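This report concerns only the one structure given below.
2 protein chains.
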Amino acid sequence: MISGLLTKYKHVIIYGFSLAILLFLMHWLQLRLIVFNHALEIYIGAIALIFTALGIWLALKLTKPKVQVQIIEQIIEKTNAAEAPEIFKANESILTELGISKRELEVLQLMATGLSNQEIALKLFVSLNTIKTHTSKVFEKLDVKRRTQAIEKAKRLNIIP
Amino acid sequence: MISGLLTKYKHVIIYGFSLAILLFLMHWLQLRLIVFNHALEIYIGAIALIFTALGIWLALKLTKPKVQVQIIEQIIEKTNAAEAPEIFKANESILTELGISKRELEVLQLMATGLSNQEIALKLFVSLNTIKTHTSKVFEKLDVKRRTQAIEKAKRLNIIP
DNA sequence: GGTAAAATCACCCAAAAGTATGACTAAAAA
DNA sequence: TTTTTAGTCATACTTTTGGGTGATTTTACC
């Protein structure tokens, strides 16, 4: 029961603790700074900045998956509507046939634009290792050895524009 | 409507509540540790909350337009590729303009087929170092950093099919 | 509730790619 | 004839990429 709750809201707890630590640090800072009345503005400005960053980070962490799934679907739908419906119908069937997931397709698309793994990682808010895993799986599924081959083959198979 | 928002931003709300609880805990801690100015703490807590919210709002506002921009770009590329397969004349003038030599173009073309530098070297009966030199110069002339970028740009410029 | 697939991340190692510099040769341009 | 340019190659170094393995966490589905 309790352990279930702990694992379920582990992130909340972690965030809570880091917040607590942050607040405690600020408290300590305040003790040092309160002596100078003029430092208060700086202190509050720093808090505003830190918490704005925290908010941005939180929002990105939370909305990231939903938003990106939407991207892919919209692209597929729009390209379907825009031109040749038969060519890009093979698209999806090939994807399922090869077993390429949405996330992998996303990575593949970014790869084709010339981004490095590191840049893709930054763009998708995940670690470099994760992107490496995705690329490796894509190579395996496409039966290629390098990213350049993957791009070439994916274009030939109409997986990517 | 409201229930939809509740489910959509469930996490945000949960984090918000945990934040509030933490602030309360901090307040209590403070009472136990040091006698201090209460009003200031609350004031700062309020600022933290407000700016966290601001950060979340900012991030949401900023990430959504970006997504739409990406979609538009992809559609444009798609329609361009579909409508203009006949243009293949600017090719040479661009090459001379960029100062890309015959050999470099050759390497670039093989690169675009997914070959490694070593494979290109074998195919052209030259050493690996020579290919590296060529690729480096091509990257410099195309103003890119990686071969994937070079391929993407070269295709966009109609240098290679 | 349990299971399976998808997604995330880490660590290590090896190979490939890329950077920088310098040198040599042959052919073309001045 | 001298100079320039394209092409060739090397050495040393850094960065990126890719392979292999294993682990945890989400998500989806039954």
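Protein chains in written order, with the numbering used here: chain A, 1 to 161; chain B, 1 to 161.
Glycine included, each C-beta is placed from N, C-alpha and C at the ideal position.
From a predicted model like this one, the values you see are computed outputs, not experimental measurements.
Review point. When you compare only the Cα positions, how much space is there between THR96(A) and GLU104(B)?
Key: Counted from its first residue, the first sequence places residue 96(A) at position 96. Counted from its first residue, the second sequence places residue 104(B) at position 104. Going from the Cα of THR96(A) to the Cα of GLU104(B) covers about 38 angstroms.
Practice item. Would you check if there are 3 or more beta carbon pairs closer than 8 angstroms linking the region 146-159 of chain B to the region 105-112 of chain B? Key: yes
Review point. Rounded to a whole number of angstroms, what is the C-alpha to C-alpha distance between THR135(B) and ARG147(B)?
Key: Here residue 135(B) refers to the residue found at position 135 when the second sequence is read from its first residue. Here residue 147(B) refers to the residue found at position 147 when the second sequence is read from its first residue. So the two alpha carbons sit approximately 8 angstroms from each other.
Review point. Cβ of THR148(B) less than 9 angstroms from any chain A Cβ?
Key: The residue labelled residue 148(B) in the question sits at position 148 within the second sequence. THR148(B) counts as touching chain A.
Review point. Checking contacts by CB at 9 angstroms: is LYS89(A) closer than that to chain B?
Key: Taking the first sequence and counting its residues from 1, one reaches residue 89(A) at position 89. Note that LYS89(A) scores 42 on pLDDT, short of 50, meaning its location in the model is unreliable; the coordinates nonetheless yield the value given after this. With 9 angstroms as the cut-off, LYS89(A) does not count as an interface residue toward chain B.
Point to revise | Burial state of PHE51(A), where buried means 16 or more other Cβ atoms lie within 10 Å | key: Residue mapping note: residue 51(A) aligns to position 51 of the first sequence, counting from 1. It is buried - the Cβ of PHE51(A) has at least 16 other Cβ atoms within 10 Å.
Practice item. Let me know if PRO161(A) comes out buried or exposed under the rule of 16 or more other beta-carbons within 10 Å of its beta-carbon. Key: On the first sequence, residue 161(A) is found 161 positions in, with the first residue counted as 1. With 16 or more Cβ atoms within 10 Å of its Cβ, PRO161(A) is classed as buried.
Check your understanding: Quick one, which of LYS141(A), ALA53(A), LEU142(A), SER116(A) has its alpha-carbon nearest ILE131(A)'s?
Key -> Indexing the first sequence from 1 puts residue 131(A) at position 131. Taking only the C-alpha atoms, the option nearest ILE131(A) is SER116(A).
Practice item. Indicate whether at least one CB of chain B lies closer than 9 angstroms to the CB of ILE47(A). Key: Here residue 47(A) refers to the residue found at position 47 of the first sequence. Cβ-Cβ to chain B under 9 angstroms: yes for ILE47(A).
Review point. Expressed to the nearest angstrom, what Euclidean distance is found between the alpha-carbon atoms of ILE159(B) and LEU49(A)?
Key: Looking up residue 159(B) in the second sequence gives position 159. Looking up residue 49(A) in the first sequence gives position 49. Each residue's alpha carbon lies about 47 angstroms from the other.
Review point. What residue does the alpha helix (DSSP H) around ASN129(B) start on, and which one ends it?
Key: Counting from 1 along the second sequence, the entry for residue 129(B) is found at position 129. ASN129(B) -> alpha helix (DSSP H) spans 128-142.
Exercise for review: Output the boundary residues of the alpha helix (DSSP H) element that contains LEU108(B).
Suggested key: Here residue 108(B) refers to the residue found at position 108 when the second sequence is read from its first residue. Start and end: 102-112.
Check your understanding: By the criterion of Cβ-Cβ separation under 8 angstroms, what are the contact partners of THR135(B) in chain A?
Key -> By one-based count along the second sequence, residue 135(B) stands at place 135. Chain A residues near THR135(B): none, gap ~12 angstroms exceeds 8 angstroms.
Review point. What residues of chain B sit near GLU152(A), judged by a beta carbon separation below 8 angstroms?
Key: The residue you call residue 152(A) lines up with position 152 of the first sequence. What GLU152(A) touches in chain B: ALA112, THR113, GLY114.
Practice item. Could you work out which residues of chain B lie near ILE44(A), taking near to mean beta carbons separated by less than 9 angstroms? Key: Residue numbering aside, residue 44(A) sits at position 44 when the first sequence is read from its first letter. Near ILE44(A) (Cβ distances below 9 angstroms), the residues of chain B are TYR43, ILE44, ILE47.
Check your understanding: Closest by CA to GLN30(A), which one among ILE44(B), PHE24(B), LEU25(B), LEU23(B)?
Key -> Residue numbering aside, residue 30(A) sits at position 30 when the first sequence is read from its first letter. The candidate whose alpha carbon is nearest that of GLN30(A) is ILE44(B).
Review point. What's the gap between the Cα of SER127(B) and the Cα of ALA53(A)?
Key: Along the second sequence, one-based indexing puts residue 127(B) at 127. Along the first sequence, one-based indexing puts residue 53(A) at 53. Distance between the alpha carbons of SER127(B) and ALA53(A) is about 51 angstroms.
Review point. Between the Cα of LYS123(B) and the Cα atoms of THR133(B), VAL107(B), LYS137(B), which residue gives the shortest distance?
Key: Indexing the second sequence from 1 puts residue 123(B) at position 123. With distances taken between Cα atoms, LYS123(B) lies closest to VAL107(B).
Point to revise | Close Cβ partners of LYS145(A) (< 8 angstroms) along its chain, the five nearest in sequence each way excluded | key: Translated into the one-based positions of the first sequence, residue 145(A) becomes position 145. Only PHE139 meet the Cβ criterion.
Exercise for review: Give a yes or no on whether the C-beta atoms belonging to LEU169(B) and ALA150(A) are separated by under 9 angstroms.
Suggested key: This structure cannot speak to residue 169(B), because chain B is shown only from 1 to 161.
Check your understanding: Buried or exposed: where does LEU25(B) fall if 16 or more other Cβ atoms within 10 Å of its Cβ makes it buried?
Key -> By 1-based counting over the second sequence, the position of residue 25(B) is 25. So LEU25(B) ends up on the exposed side.
Check your understanding: VAL144(B) touches chain A at which residues, Cβ-Cβ below 8 angstroms?
Key -> Translated into the one-based positions of the second sequence, residue 144(B) becomes position 144. Those are GLY114, listed as they occur along chain A.
Exercise for review: Work out the CA separation of ASP143(B) and ASN129(A) for me, nearest whole Å.
Suggested key: Your numbering for residue 129(A) matches position 129 in the first sequence. Your numbering for residue 143(B) matches position 143 in the second sequence. If you take the alpha carbons of ASN129(A) and ASP143(B), they lie about 28 angstroms apart.
Point to revise | Own chain, CB closer than 8 angstroms to ALA121(A), minus 5 neighbours either side, in chain order | key: Locating residue 121(A) in the first sequence gives position 121, where the first residue counts as 1. Counting only Cβ-Cβ distances below 8 angstroms, and skipping sequence neighbours, we find SER127, LEU128, THR130, ILE131.
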